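Residue numbers (our numbering), protein chains in the order written: chain R, 83 to 442; chain Y, 78 to 613; chain Z, 178 to 520; chain F, 1211 to 1594. Glycine residues also receive a C-beta, built at the ideal position from the N, C-alpha and C atoms. The model shown is predicted, which means the values in this text are computed figures rather than measured ones. Have a look at the structure below, then the notes.
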């Protein structure tokens, strides 16, 4: 299966640097998203800063539970009751964090889009595909006629390789891959400037995955859409992203040009993550011992230190600074800045029994 | 001769009926011509009278298919019988017949009136009468009253106006039987199949009313039969029987004025409350005569009731006044004979023999029989599902009285009616409560069924002397002459105590103010004569 | 419309096929239960002193009770297939006639109860679910629990005492005022429909007016189930993936709640209606007794009281069949509404 | 009355419940922990329910000491109670048409209800669990037939079923109480059957049962334990709701006149039915007290059941929404720029040369914005 306007997928448009001068579509500064819980506040996203420029794809990677999805939703203001957001998300001259629910709702769709992980359950089973499109277009473009809606919807679907004959079908009549393409079409029919794709391919098989990635790649090329691609799959990031941000326990520990980061991972977590990735050249199975910390009670200092093979005394005491490396990579770690620490601080942290959360 | 079905009919809680009258005004609107506004003392013969009752178990609208009061109430008003009982009378009087008489003790001859027609206009002839009786016997429906005609050999119609009944055995009660539902004359011209019941819930008779509409358990609507030729003079244009399933609802209905008369089924509590509030409630409570009987039967072959002394001691202890007062709020009257007061030949036989309740005398009786040592254990059975829930109260009261004498240890047992009948007939119960509701107000109907060779409840009581007296009474066509015979029968009954009469029910109705004729029709015959009830 | 009618047809065929063994088991259960019951059906119901043994035997033979049980069982099944539910021993009526005569009132009452429960339960459930954990939600849940805990006969008595006797707003009992409905021909045997058929609106209103108290009483029995069901469904639906997706598309919150929340939350309610039919029919026994409603439940009690096993067996068989058939119909309707059910 | 058929805690997969190996005490603690942790409406329902139920049970158990008179007493010290006396004096709740003391009838009625309820629950638990085990364990035609029969029973109008069953069992020795209990039992067997059968089926398929079998353990034992741990999770909810239904059904039978006779025991439904005429005659007390007793007893058990369901069924557990207030940033992010790239995978302690923009010893001074704009053109407003 090819997309209707399928182009050569191997072409990669210029690296991030050529665009660095462009103004970002969306800029997050010290964004924090906290949840309330029985055990106290959970800092799911705790001071995150990043930029996304038009046509740029930012890959967001990290283990499960490190705050990637929360970050994606937090930007769009799609948070459950009880969550609090702080910081700044600058988009089109507005700080999204300060907007009212109503203002955010109006931005979602025409300006901000979200593509989900699980396409099987994201379409209302009682509504035809057509009704989904009609609803979305009516909400944001109240003056469209039924024919215009149909034309636009069919265009978007065709772009995703869904034939017009399926326009009146119910969601359950489609396969998972088709549904994901419908979801993408739904997200894109309003031409948002910024899209978060939250693990859009995780639930799909490999062939479909490639298709979807291709579609996303085409998307930013054709529409200059800025994309945050949340994924576990480092391969996808390497292939589809311009830049990458590695999240751990609510922090971005490393971000930079995707190729740079993969070629030369700086943060011990990034290194460990990459070692754990299985590829054809993998000789042995690596994994990171332990599991991400309880975000209600995160460890002091660097949050990765309990699992960090290179942890130093200072890591357990004080949060590391953000280190800006010459290649543009930002690495939040004490390691590259020996001058900022005392000799005692740089002594290896005594390896405690890794205090892992109970299996339960 | 047993009228088990009749007992069933008798059913209603020892109770009461209430009646009253009222223009139940606005709700019935256009469909119910009300008598409202007429202040004339004369009854408004154009009125619609609604009588509410809990006696809703109409088994069949075909006279061959029912032997119960609710059904017979309908028959009495829609069919003619050769003879009928005028209100307040216990003497069968010609109705469809011009006259009836005994040709000989085994042959009864009736002459029909002239010009009788059914409500559809077709003539009523002696063929119809013969047809009615023949089919009654031929169908012999288990729910039907054919058993009343056991003494009947054959019915003949020698000419269009004459009917003759030939008997197998002498039966002085035949004229009485002819006044009951068993004597209802149906049309022989096709609407009633000759060998099975009519099932379309319609009636074709020649009585004072025609049945307009019948909805089981809900209502039966009647209007005056223009073709009727008889003595009844209708005081209303329409009559409605409205059936209630709960006495308490019926009571509220009369209080609210939903019905003009409430009759039968009210509990003692309902009656008491109605009486208390009748002053300003727009209704009044009417007491009529009642001959419904309630009694305890002993199985004279089942211990300990097989001992005459035990039965006599119980009869000696039981305090009927207390039952009437404590349980029934005096809505019933103590009875000292199986022939209730109000019926010909009644004597207070048990009172004469036992006098006031006296545990010392009872102890003496037991002592004399060598049973005085320790309390006699006896199981007393009743059924809560036939005569109303209040029956339980009555037997609780009995138990209290018997145990209060110190002479008895009573175990109360109850079971539901159908099981109850099966079991008592099988002799499983030493003592059990039953009720009796007469087929017709003749003393024979209160003696033979119970006392003749074990009676219908098969209690094994078989006293040759009594059997002989009963047979004798049944041959005595002059009922006045039979009175000494019945006195003797009652005396022996009190002595042997195979049954213990407890009380007889009054008929009690509540009627809205302005309703007339209700009291007059509440006589021992238990016939509600729709035509007599009017509204002012 | 690209609905595949083939899959719907297959679903219906499958659902009908599933109902058949269930009906069979049901009939067997009814037969076994009523034949295990103590007492001989004929002598029990006629109580018969006056009936000779020959007469009893004759009746037993006529009713087929003298034959081996297995033969009787076969006959019973064969009769039911022909919609012959036997003849009452106590009233001599064909049970099928009784059903025809009384069934309409029960249908009216059960429908009234259902409508009442839906009219009350759905809005309350939706509001409670929408404003979860609000004071209204707590009130709605407690209300559901209390109505569920209060037995029909208590509620019925209370309603009767308060609204009919004391306040006089509604009639005490019955289906209509006396005489009023006498001219209505029995076309469907459902009085209210018959009255509509002949355009007699006075009767229609009269029946409705009489229906309110018993229907509310019966409806309260199941309203809790609906409140609960709708509330839980809405909460789960609003947490659902497609609701979040709709929000992500910037659909207005009102539309999200109504179009994606309410609509989807109400689909399972149809299934629940199917489950409630049994409850409604059971509850109608008590309601009909309290309000003297001329339906099958009241008739059944009367048959039970007179130990009319034949009639009881017939009525119970019929009611059981109704339950099975209705739950089957509900499933099919559900399949029509919710395309997922068809697979 | 009715079963609340919706979302009772269904037994979940093997992971859902305590592992069978766990000690009984731990399991119990796990079972009860949610109850103690319950909050909000669930807590209110649970504790109100427990209070009402406890009150009811205490009254029932100690009826002979609490009730002023016997359930069928009509006199005291040779003096007959008045009939239909209004509350007060010797008869706090008044007397009935049968000269009974209403208070005593209500108290003894609790005992009757409890007896019937316990019998019914025990019977249906026993039979339902047994059949469920057999069905789930052996499978095959036995299973198919039992499932069909149980489904059919489940679909049946329960009150009708109870009435018919009451007739079936009317000759059972033990009198009205046992008859009523058996009638109610028939209604509830299918519920236990379903739960136990489902647990047994999933236990049969669970991998650790395979493993245990391979190690020579008797699968029966494993399944027994497994099922038990499931049953102990779901049965309390079903049982309490059934207990409520049992009281309602008993009262319903009594109300219809198919229940226990007054000389056998005190029964609320019967008393209520007998009190209907009183109600119309302004004698409110004979109906009110048994009526309130019925509603309260049912309500108590229902509240416990609903509360338990809320607590044990996580999807319905109330999420207490705690609003968070995010404190201001305690320590702004420091940005430092290093001139040289570190080695590809730097060894520990090995550090690249650092061009330090801020004195690490005085992080306070390293305020935002002070970080020099990097060559990569990173944004300037860091740490804002």
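May I have the straight-line CA-CA distance separating residue i from residue j, to the nearest angstrom?
i, j, result
"residue 447(Y)", "residue 385(Y)", "12 Å"
"residue 1617(F)", "residue 500(Z)", "Here chain F covers residues 1211 to 1594 and nothing more, so residue 1617(F) does not appear."
"residue 391(R)", "residue 341(R)", "24 Å"
"residue 1503(F)", "residue 1262(F)", "10 Å"
"residue 265(Z)", "residue 489(Z)", "8 Å"
"residue 1454(F)", "residue 505(Y)", "38 Å"
"residue 1571(F)", "residue 343(R)", "In this prediction, residue 1571(F) scores a pLDDT of 36, lower than 50, which makes its location untrustworthy; no coordinate-derived value is stated."
Restricting to Cα atoms, I'd like to know which of the options is closest to residue i.
i, options, result
"residue 433(Z)", "134(R), 201(R), 218(R), 355(R)", "218(R)"
"residue 396(Z)", "329(Z), 452(Z), 446(Z)", "329(Z)"
"residue 467(Y)", "515(Y), 477(Y), 405(Y)", "405(Y)"
"residue 584(Y)", "410(Y), 434(Y), 389(Y), 415(Y)", "410(Y)"
"residue 331(R)", "146(R), 231(R), 201(R)", "146(R)"
"residue 507(Z)", "408(Z), 447(Z), 317(Z), 473(Z)", "447(Z)"
Round the Cβ separation of residue i and residue j to the nearest angstrom and send it over; I've been treating them as touching at under 8 Å.
i, j, result
"residue 1508(F)", "residue 1457(F)", "5 Å"
"residue 399(Y)", "residue 262(Y)", "About 47 Å separates the two Cβ atoms, so there is no contact after all."
"residue 1550(F)", "residue 408(R)", "7 Å"
"residue 554(Y)", "residue 182(Y)", "7 Å"
"residue 324(R)", "residue 197(R)", "Contact doesn't hold; Cβ gap of about 18 Å is too wide."
"residue 280(Z)", "residue 190(R)", "Contact flag wrong, Cβ pair sits at about 55 Å."
"residue 337(Y)", "residue 128(Y)", "7 Å"
Which of helix, strand or coil does DSSP assign to residue i?
i, result
"residue 323(R)", "coil"
"residue 136(R)", "coil"
"residue 595(Y)", "helix"
"residue 175(Y)", "strand"
"residue 259(Z)", "coil"
"residue 185(Z)", "helix"
"residue 1291(F)", "coil"
"residue 510(Y)", "strand"
"residue 112(R)", "strand"
"residue 342(R)", "helix"
"residue 227(R)", "coil"
"residue 108(Y)", "Because residue 108(Y) sits at a pLDDT of 41, beneath the cut-off of 50, its placement in the model cannot be relied upon, and the point is left open."
"residue 491(Y)", "strand"
Over the uninterrupted beta strand (DSSP E) stretch that includes residue i, give me the two end residues.
i, result
"residue 185(Y)", "184-189"
"residue 415(R)", "Where residue 415(R) is concerned, there is no enclosing beta strand (DSSP E), given that its DSSP letter is neither H nor E."
"residue 459(Y)", "453-459"
Looking at the unbroken alpha helix (DSSP H) that takes in residue i, where does it start and where does it end?
i, result
"residue 283(R)", "No alpha helix (DSSP H) holds residue 283(R); DSSP gives it neither H nor E."
"residue 253(Y)", "251-255"
"residue 216(Y)", "203-216"
"residue 1315(F)", "1312-1348"
"residue 581(Y)", "Not the alpha helix (DSSP H): residue 581(Y) falls in the beta strand (DSSP E), residues 576-589."
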